[in-house]
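J.:
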Amino acid sequence: MGSLQRQGSNTARSASRMPHWMRLVNGPQTLGHGPIFWVGFALAIGAAVVYPAFADAWSVGNTAYFLCWVFMALGLSLIWGYTGALSFGQTAFFGLAGYTYGVVTINFGAAYGMTLVGLLIGVGISCLGAALLGYMLFYGRISGVFLGIVTLSTTLVFATFMAQTAGSQWAIGDARLGGDNGMTGMPPLTIPWVGGDIALYSGVPLYYLLLAMLVLCYLGLRVLVNSRFGNVLVAIRENPHRAEMLGYDIRRYQLIAFVIGSGLAGLSGVLYTAWGQYISPSNMNLAAAALPIIWVAVGGRKDLTATLVGTLVVLGIFQNLTIYGSYYAFVIMGLLLVVVVVYLPEGLIPGLVRLVSRLRKRKEGLS
Amino acid sequence: MTLLQTENLYKHFDGVKVAQDVNFSMEPGEIRCLIGPNGAGKSTFFKLVLGEHQPSAGKIYFSDQEITQLRSFERVKQGIAVKFQVPGIFSELPVWQNMQIAVQNHLHGDSMTAAIDKALAFVRLTDKAGELAGELSHGEQQWLEIGMAVSTEPSLLLLDEPTAGMTPDETARTGEMIKALNREGMSILAVEHDMEFVRQIAHKVTVLNFGEIFAEGTINEIEANEEVARIYLGTADDDE
């Protein structure tokens with residue numbers, strides 16, 4: 055990562071002299087800042103836009119399913135990769151928001167934009183939950199491995215609790231929690247429109263909505279991590295003691311990052327629930343909680359682009375493994391995590407960038 | 518006005534007294550060195566001033582305002598900065614970004630860039646702005662940290678063994694830096710073992726022993742004090 059940071063650091067100084075609009079999305083905290091990167095980014099977006107024209111409906115729906123998860127991965131990158139706080143329990147906020155969406159939309163229906171209200175309430179509740187848990191964690195000076203233990207325990211307790219809600223008494227209005235079987239019957243995201251609502255079932259319109267949301271989220275996070283706020287997050291990750299001794303209230307910054315990251319996990323939860331019209335405790339159990347850690351670690355937790363690309367690739371691999379290798383999929387994912395942690399602790403994509411950078415330097419040296 | 522004052526300051530750890538009735542004061546514009554044998558309570562005193570330890574009893578005043586209950590980052594905002602003994606820098610970040618993090622809390626835009634460039638020039642790291650802080654030499658890391666600390670524009674700079682691990686050349690340069698900062702109006706409180714360095718910079722010296730102020734005065738007065746020589750500086754008798 056050293057050479058990567060140095061590469062990024064080439065802009066650290068010049069970034070302050072860039073035009074304001076460029077400075078917003080570029081900076082030392084993100085890989086890729088030159089014209090080549092942004093042309094590549096535009097081409098990738100273009101390819102994603104025309105993709106449904108060349109793919110069957112199932113593949114588009116499946117890609118939409120992948121996109122649902124990326125928000126949680128980006129949020130974890132912010133919390134873990136940028137701020138240095140390993141949260142093992144992001145699925146708690148995923149599930150909390152998913153169930154909330156279900157309760158709101160089952161009770162109030164999909165008309166008049168109620169699914170969008172359900173989305174906002176779901177994300178809001180997950181942010182509120184994260185604020186409460188994060189306050190206890192960060193203001194209680196819990197850090198390191200203990201932070202991981204507490205957050206993992208939170209999601210496991212929540213999953214266990216939801217698993218025993220099978221009885222008919224476990225209902226909020228018309229929404230039955232459903233125990234181990236989960237909650238079903240919520241409507242998909244529905245956009246109010248002149249001439250009739252548009253229900254976004256798993257198909258092309260939902261894919262485009264998710265793609266647009268992801269691009270906005272990615273760019274928004276790039277702005278955030280390259281801002282003064284992002285500088286402080288990275289400082290806290292590197293040396294919290296020094297950061298505090300430069301006058302920063304590090305607990306406040308950690309809490310804000312945790313809430314934003316958990317809000318994104320909540321967004322994933324709502325989108326997933328709306329996509330499949332289903333949410334269950336299995337989305338919050340140990341295996342589910344471990345997967346985001348693997349996506350983010352394998353791609354490269356300290357960079358948003360690496361996290362985004364890594365998550366999509368690992369999700370694709372995992373899905374194929376589950377189709378062809380059944381339960382071996384989890385074993386292979388575990389092995390992948392171990393290999394990456396041991397040999398490429400900064401992740402595959404930063405490792406690849408570093409390799410290319412070394413080869414280029416060697417070539418320049420030879421010439 | 519007194520810059521830093523402690524009033525009957527005590528700190529106990531499980532019955533072990535590491536600060537006992539410390540009544541310390543220093544004036545604006547001073548360079549004060551804190552010396553004493555190992556375990557005398559110098560680091561604990563620093564941590565009490567910084568808010569990393571809460572005193573068992575007593576009060577701390579900074580610029581005549583009581584700061585005893587303030588948290589560390591609030592004390593920094595009041596105008597106290599610190600350089601730790603082991604360089605407290607952001608090793609994986611470039612030198613320039615280290616400075617930016619220090620400066621951005623109170624400056625923006627062009628004035629921030631100018632302040633960073635000025636601080637880098639002061640600690641002679643302009644040429645290394647793009648390098649990772651962790652790849653600097655030990656002495657350069659110490660200077661970077663001094664640069665970061667002074668970039669917060671403090672009125673009091675605490676230095677915990679600022680020359681630890683430095684070559685004689687680097688030590689001399691560090692002394693010049695400290696005196697230059699003092700000429701610009703910054704007060705310095707330094708824990709230091711190197712008496713040659715203390716002689717180079719100190720206006721006044723405070724000797725701590727067993728958590729108490731044992732002696733105080735100019736460097737000449739302290740060196741002439743036989744009791745100080747006995748407990749800390751070493752005497753011919755001790756060598757025999």
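Protein sequences, first through last, are from chains A and B. Letter by letter, the first sequence follows residues 55 to 421 in this note's numbering. Letter by letter, the second sequence follows residues 518 to 757 in this note's numbering. Built from N, CA and C at the ideal position, the CB exists for glycine as well.
On the three-state DSSP scale, how would you describe Asn726 (chain B)?
T.: Of the three classes helix, strand and coil, the one that applies to Asn726 (chain B) here is strand, per DSSP.
J.: Report yes if the C-beta distance between Ala646 (chain B) and Leu637 (chain B) is below 7 Å; otherwise report no.
T.: Yes.
J.: Would you mind giving the Cβ-Cβ distance between Ser180 (chain A) and Gly317 (chain A), rounded to the nearest angstrom? I have them listed as a contact below 8 Å.
T.: Contact flag correct, Cβ pair sits at about 6 Å.
J.: Taking Cβ-Cβ distances shorter than 7 Å, what residues in chain B pair up with His87 (chain A)?
T.: Going along chain B, no residue has its Cβ under 7 Å from His87 (chain A), so there is no contact; the nearest lies around 14 Å.
J.: Using a Cβ cut-off of 9 Å, pull out every chain B residue sitting near Val288 (chain A), in sequence order please.
T.: The answer, in chain order, is Phe607, Glu609, Leu610, Gln614, Ile618.
J.: Runs of 3 residues minimum, wholly inside the region 282–319 of chain A: which ones carry the beta strand (DSSP E) assignment?
T.: Runs found: none.
J.: Any chance the region 668–676 of chain B sits against the region 608–622 of chain B, with 3 or more Cβ pairs inside 8 Å?
T.: Cβ pair count under 8 Å is three or more, so yes.
J.: For Ala213 (chain A), collect the residues of the same chain with a Cβ closer than 6 Å to its Cβ; drop the 5 residues on either side in sequence, then sort them by chain order.
T.: Here the set comprises Pro335, Met338, Asn339.
J.: With Val620 (chain B) as the anchor, note down where its alpha helix (DSSP H) starts and where it stops.
T.: Where Val620 (chain B) is concerned, the enclosing alpha helix (DSSP H) stretches over 612–620.
J.: If I measure Cβ to Cβ from Tyr189 (chain A) and keep anything under 8 Å in the same chain, skipping five residues before and after, which residues do I get?
T.: Excluding residues within five positions, the ones whose Cβ falls inside 8 Å are Leu309.
J.: Considering only DSSP beta bridges, list what Tyr382 (chain A) is partnered with.
T.: For Tyr382 (chain A), which the question treats as bridged, DSSP gives no partner whatsoever.
J.: Going along chain B in order, which residues have a C-beta closer than 7 Å to the C-beta of Gly301 (chain A)?
T.: Within 7 Å Cβ-Cβ: Phe590, Val593, Lys594, Asn622, Thr669.
J.: Could you tell me whether the Cβ of Val599 (chain B) comes closer than 7 Å to any Cβ of chain A?
T.: Cβ-Cβ to chain A under 7 Å: yes for Val599 (chain B).
J.: Who does Met543 (chain B) pair with in a DSSP beta bridge?
T.: DSSP lists B:Leu521 as partners of Met543 (chain B).
J.: Within the chosen definition, does the region 116–128 of chain A reach the region 389–401 of chain A through at least 3 CB pairs nearer than 8 Å?
T.: Verdict: no, contact absent.
J.: Cα separation between Thr169 (chain A) and Ile203 (chain A)?
T.: Each residue's alpha carbon lies about 34 Å from the other.
J.: So the candidates are B:Lys534, B:Val593, B:Pro685; which of them puts its Cα closest to the Cα of Ala557 (chain B)?
T.: Looking at the Cα atoms, B:Lys534 is the closest of the given residues.
J.: Which value, in whole angstroms, describes the spacing of the CA atoms of Glu733 (chain B) and Phe562 (chain B)?
T.: The alpha-carbon atoms of Glu733 (chain B) and Phe562 (chain B) are separated by roughly 15 Å.
J.: Leaving out the 5 sequence neighbours to the left and right, which residues in its chain are closer than 6 Å to Ala328 (chain A) when beta-carbon positions are compared?
T.: Within the same chain, Ala328 (chain A) has close Cβ partners Pro242, Leu243.
J.: Gly353 (chain A) and Gly401 (chain A) - do their beta-carbons sit closer together than 7 Å?
T.: Against a cut-off of 7 Å, the Cβ pair of Gly353 (chain A) and Gly401 (chain A) comes out as a contact.
J.: Cβ-heavy atom distance between Leu78 (chain A) and the ligand HEM below 6 Å?
T.: As for the ligand HEM, it is missing from this structure, which has no ligand bound.
J.: Which two residues bound the contiguous alpha helix (DSSP H) that contains Ile403 (chain A)?
T.: Per DSSP, Ile403 (chain A) belongs to the alpha helix (DSSP H) from 402–420.
J.: So, are the CB atoms of Ile348 (chain A) and Met299 (chain A) less than 7 Å apart?
T.: Their beta carbons are not under 7 Å apart, which means Ile348 (chain A) does not touch Met299 (chain A) by this criterion.
J.: Got a sec, what are the start and stop residues for the beta strand (DSSP E) Asp677 (chain B) sits in?
T.: Unbroken beta strand (DSSP E) run through Asp677 (chain B): 673–677.
J.: Helix, strand or coil for Met240 (chain A) per DSSP?
T.: In this structure, Met240 (chain A) counts as coil in the three-state DSSP scheme.
J.: Taking the alpha-carbon of Ala146 (chain A) as reference, which of A:Val407, A:Thr205, A:Leu369, A:Leu260 has the nearest alpha-carbon?
T.: Here the closest residue by C-alpha is A:Thr205.
J.: Compare the beta carbon distance of Ile160 (chain A) and Asp228 (chain A) with 7 Å and say whether it is the shorter of the two.
T.: Result yes, Cβ atoms of Ile160 (chain A) and Asp228 (chain A) sit closer than 7 Å.
J.: Let me check understanding here. Comparing Cα to Cα, which of B:Thr735, B:Leu706, B:Glu701, B:Ile718 lies closest to Ala689 (chain B)?
T.: The residue with the shortest Cα to Cα distance from Ala689 (chain B) is B:Ile718.
J.: Just checking: is the beta-carbon of Pro82 (chain A) within a distance shorter than 7 Å of some beta-carbon in chain B?
T.: It does; some Cβ of chain B falls within 7 Å.
J.: Residues of chain A with CB closer than 9 Å to the CB of Met712 (chain B), please, in chain order.
T.: Neighbours of Met712 (chain B) on chain A: none; closest Cβ ~27 Å, over 9 Å.
J.: Got a sec? Which residues, its chain only, sit under 8 Å from Leu610 (chain B) by beta carbon, not counting five neighbours each side?
T.: Excluding sequence neighbours, Leu610 (chain B) sits near Ile618, Leu649, Ala650.
J.: Taking the alpha carbon of Phe120 (chain A) as the point to measure from, which residue in A:Leu264, A:Tyr166, A:Tyr105, A:Leu201 has its own alpha carbon closest?
T.: The shortest Cα separation from Phe120 (chain A) among A:Leu264, A:Tyr166, A:Tyr105, A:Leu201 belongs to A:Leu264.
J.: Which partner residues does His529 (chain B) have in the DSSP bridge list?
T.: In the DSSP output, where bridge partners are listed per residue, His529 (chain B) has B:Lys534.
J.: Buried or exposed for Glu292 (chain A), going by 16 or more other Cβ atoms inside 10 Å?
T.: That one is buried.
J.: May I ask you to report which of helix, strand or coil DSSP gives Gly176 (chain A)?
T.: DSSP places Gly176 (chain A) in helix when its eight states are reduced to three.
J.: For Ala111 (chain A), name the three-state secondary structure that DSSP assigns.
T.: Ala111 (chain A) falls in the helix class under three-state DSSP.
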